[in-house]
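Chains as they are written, first to last, in this note's numbering: chain G, 1449 to 2116; chain E, 55 to 188. Built from N, CA and C at the ideal position, the CB exists for glycine as well. To start, the structure itself, in structure tokens.
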Amino acid sequence: MKKYRILLLALCAAAASCVSEADLSAPETAATAGEMALQTKITGSTEGEYREGCLLLYLNDQTTARIENGEMDAVADEMFAGLEIKAFEPALRHAPKNVELARELGLHKWFVVSFDESTPVRTFAAAVAARPEISAVQFNATPKLASDCKAIPFRPQASLSAASGDVMPFDDPMNSYQWNLNNTGDKSVAETAREGADVGVMDAWKLTAGTPDVIVAVCDAPVKYTHPDLAANMWVNEAEKNGVKGVDDDKNGFIDDIHGYNFYPKSNGTINWDAKGESGHGTHVAGIIAAVNGNGIGVSSIAGGSGKGDGVRIMTCQIFEGGYAGGDREMSEAIMYAADNGACIAQCSYGYSASVFSSDNAYINNAPLEYRAIKYFINPENANHPSLESNLVIFAAGNEAASNSDYPGALPQCISVTALGPDYLPAGYTNYGRGCNIAAPGGDYYIGAKNEADNKSQILSTCISEVSDDYAWMQGSSMACPHMSGVAALGVSYAGKLGKKFTSEEFTSILLTSVNDINQYLAGGGIKPYGDMTFSLKTYHKRMGTGAIDAWKLLMQIEGTPSVMVKTGETCTVDLKQFFGESAADITYLDVTYDDEAKKTLGFASAPKVKNGALEIVCMKNGSAKVKVSAIAGGGQLGGGNNIGGSEIAREISIISRGVYSSNGGWL
Amino acid sequence: MLAAIMFIATGCNKEENKIDYKTAILGEWLYAADDMGVSIYVEFEADGDFSLYQQLGEGRYRKYTGSWTCEGNILSGTYTDGSPWGSSYMMAFNADTMTLTAQNGSNEVMKYVKQSIPDEVQEECIEVKSGGSL
């Protein structure tokens, strides 16, 4: 490819000379033709941070067709005439099987041009934006990890009592400190620690502790795949493991991707946890989901198996390195890689700060590449587990203590997870409110023992000995997110065991309604410490999502939710807790729908409706039929369009109307 | 003819009167109809306790417990959480079949057959503690 000499100084000079006195009062958009073009074609946010030395370009159909016909160099010659570039290439790789899907989403029209980092991105963008071949340009924006990334090494101390008692079923010696898995309310964790404020996995483990056919892609900093407590649960690409080093043995477009791939710019794809500034964030996240259970070392995890090599598998998709973030392109490619290589859950503890995007449209218009990559991941064509009709995307809500979720988590297509401490109360850092769907343990240093050596109110998980220790405490919605992913992985495992299959709507709905109530602790006038400050709990009332995730409740919903009985001829109210979780009374309901057959069978005297968290129904005939109740998971407003809001969920409720009815639901 | 009918009726009554309902009800029963997609097992014990295992449509069996009493051929009971049954029932037995007819005005009829409660139902059920909660 030719090298192009950039003429930016000349362009700037020419532009300046063209600006008349009258133009001085005109908007900035009149500055140059290139800048004007840029104003109409720019899509990526220029307000936040972005990667230098590269620009994403969305080309028109004609130009894309030329490139597909082998005219890449000729197109580059024309588009970048007079500019010096380093490379021009397709922005994304995808599996051959997904050619049509990628085209459908327009992903084949995205390219990336690289240039010297000394050239400001905006200057380069303005220089090319007017080109007719280019339909849109996007800065390669960089998100943030949803954690302070402070890994506090685990140091067992005699003075520390065990947080979760001695009832854990696995012989992992540190699991007594994992209140997030089994919270006994131990006051040495926090004075306010609450028994049962955990993910409810103890009973769930009696049914499943994960299955290896469930692959969770940890899109994050690197997962140390040699970690003794993770190695056995790492996803293995057998073709690459048994193949030739330096060769793309499985022809998936990625060389030597044995446990995943490093998408960070300028890497050679090798997962790298040695970089200066690395915190162990990705490894910590992975350990929450699938540290190996029952191996006699370290910690336990939600879906790390029963000690028989049967845990869910972790795929490491590295997009952060040494504390630095890859850009929108790298995030997108990582998510697509996960889809192409078998992951059914994308675990994403990062996002764009809550202040960057104010609505779904704002995100979609400014991060079109990543948005489409997410759509690629959740497209039914890419469903990677027989029990799911489409994959799941789970994001952290963010740590700015903001009243809405970070994006992309705020999208209705994603699950956004807020963070709780061991007291079932919001952690001071967590985002909440619009776009937040559900809560999970994220840790809360500030309610702990106020002792530097005692971090038990944070989350204990695997870490990297090279930068911290093999095990460390961390906190953040980054830690809450993998709790949700782990529970979801457990649910998919169990659905697989039972041979059940769910649509995306069905599975997301039962996930988001498998919750315990936390609003009861937020309604009063309580306050909670956050560093030197305090915050009012009332602020969070009904704004942490549907409630606190509970693994046991999820597995019970996967088994199936029983029918409810009503008495024929009487106005009956059906408590919706078993369908919408313990906070059912606090949820915003949208509609109750049913078909004519149901109406005929049960003889509705009036249209069933939801009132105060209960279904009000009057059936005049004995019989059984179904109604469907839809609601909003997270807040009082649906996301979509110019909104930022919750996701729509729906539950089918089987009604049995008969002449005998007991208030506790018993048959007799 | 009238005398014959009266004889038969009287004979029936005598037959009914011979039934010791408190004994006849003991044991394990299965609700015989499946028209509503339900599976119901109930065990009545001699000490006045009962265990009810119900699977309404989907999900695992829910176990309810409580106590029962019998006055003549009328059966009534209370769940452990204090909730009364939805009705009292008139009992009738025929071989291995028990018919319960609701006495709350609905006249709902439920037929049960003698059948052991499978071990897996008892082992894998979820016990309902109070007010329908698990």
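Would you call the CB atoms of G/T1910 and G/V1747 closer than 8 Å? yes
In or out: G/G1694 buried (at least 16 other Cβ within 10 Å) or exposed? exposed
Please confirm whether G/S1562 and G/I1533 have their CB atoms less than 8 Å apart. yes
Closest Cα partner of G/E1516 within the set G/E1497, G/A1550, G/H1556, G/E1526: G/H1556
Quick check on this structure: which residue in G/E2018, G/T1674, G/L1840, G/L1629 has the alpha carbon closest to the alpha carbon of G/N1720? G/T1674
How is the alpha helix (DSSP H) around G/N1809 delimited, first residue to last? 1808 to 1814
Taking 6 Å as the limit between beta carbons, can you name the residues of its chain near G/G1648, skipping five residues before and five after? D1998, A1999, W2000
Contiguous beta strand (DSSP E) assignments of at least 3 residues, all confined to the segment 1566 to 1636 of chain G: 1582 to 1586
Extract the residue ranges of the alpha helix (DSSP H) inside the segment 1836 to 1897 of chain G, only unbroken runs of 4 or more that lie entirely within it. none
Below 7 Å on C-beta distance, what does E/Y166 contact in chain G? Correct list: empty, because the minimum Cβ distance to chain G is about 11 Å.
Would E/E162 count as contacting chain G if we go by Cβ distances under 8 Å? yes
Counting only beta-carbon atoms, is G/M2068 nearer than 8 Å to chain E? no
Would you identify the three-state DSSP class for G/R2106, choosing helix, strand or coil? strand
Determine the closest residue to G/G1530 out of G/F2052, G/R1579, G/K2025, with distance taken between C-alpha atoms. G/R1579
G/L1868 beta carbon less than 8 Å from that of G/A1751: no
In whole angstroms, what is the alpha-carbon distance linking G/Y1840 and G/L1873? First, the amino acid is wrong: residue 1840 of chain G is Leu here, not Tyr. One C-alpha to the other measures close to 26 Å.
Is the Cβ of G/R2106 closer than 8 Å to any Cβ of chain E? yes
Counting only runs that start and end within the segment 1957 to 2001 of chain G, where is the beta strand (DSSP E) found for 3 or more residues in a row? 1975 to 1978, 1981 to 1984
So, do the segment 1807 to 1817 of chain G and the segment 2088 to 2108 of chain G have three or more beta carbon pairs nearer to each other than 8 Å? yes
Spatial neighbours of E/V189 within its chain, please: C-beta separation below 8 Å, excluding the five flanking residues on both sides. As displayed, chain E neither begins before 55 nor continues past 188, which places residue 189 of chain E out of reach and without an answer.
Going along the chain, which residues of the segment 2002 to 2021 of chain G sit with their C-beta nearer than 9 Å to a C-beta in chain E? M2004, Q2005, E2007, G2008, T2009, P2010, S2011, V2012, M2013, K2015, T2016, G2017
Under a three-way DSSP split, which group does G/V1740 fall into? coil
Tell me which residues of the segment 2083 to 2113 of chain G have at least one Cβ-Cβ distance to chain E shorter than 7 Å, keeping chain order. S2102, I2104, R2106, G2107, V2108, Y2109, S2110, S2111, N2112, G2113
Taking Cβ positions, are G/T1590 and G/R1499 nearer each other than 8 Å? yes
Please confirm whether G/S2072 has its beta-carbon closer than 8 Å to some beta-carbon of chain E. yes
Segment contact flag, the segment 1839 to 1855 of chain G with the segment 1908 to 1925 of chain G, C-beta cutoff 8 Å, min 3 pairs: yes
Applying the 10 Å Cβ sphere with the 16-neighbour rule, what's the burial state of G/S2102? buried
Look at G/R1991 and G/G2083 and say whether their C-beta atoms are less than 8 Å apart. yes
On the criterion of 16 or more Cβ atoms from any shown chain inside 10 Å, does G/T1994 qualify as buried, or is it exposed? buried
What does DSSP give as the partner residue(s) for E/D194 in the beta ladder? Past the edges of chain E, shown from 55 to 188, lies residue 194 of chain E, and the structure says nothing about it.
Can you list, in chain order, the stretches of the alpha helix (DSSP H) that have 4 or more residues and sit fully within the segment 2034 to 2074 of chain G? 2044 to 2050
Quick check: G/L2063 and G/L1817, are their CB atoms within less than 8 Å of each other? no
Please state the DSSP three-state secondary structure of G/P2010. strand
Checking 8 Å against the spacing of the C-beta atoms, do G/D1758 and G/P1660 come in under that value? yes
Endpoints, the beta strand (DSSP E) within which G/Y1800 is located: Premise fails: G/Y1800 is in no beta strand (DSSP E) and is neither H nor E.
Contact with chain E by G/A1606, beta-carbon distance below 8 Å: Bear in mind that a pLDDT of 47 at G/A1606, under 50, signals an unreliable position, so the number given afterwards is only what the model happens to contain. Taking Cβ atoms only, chain E never reaches closer than 8 Å to G/A1606, which makes this a no.
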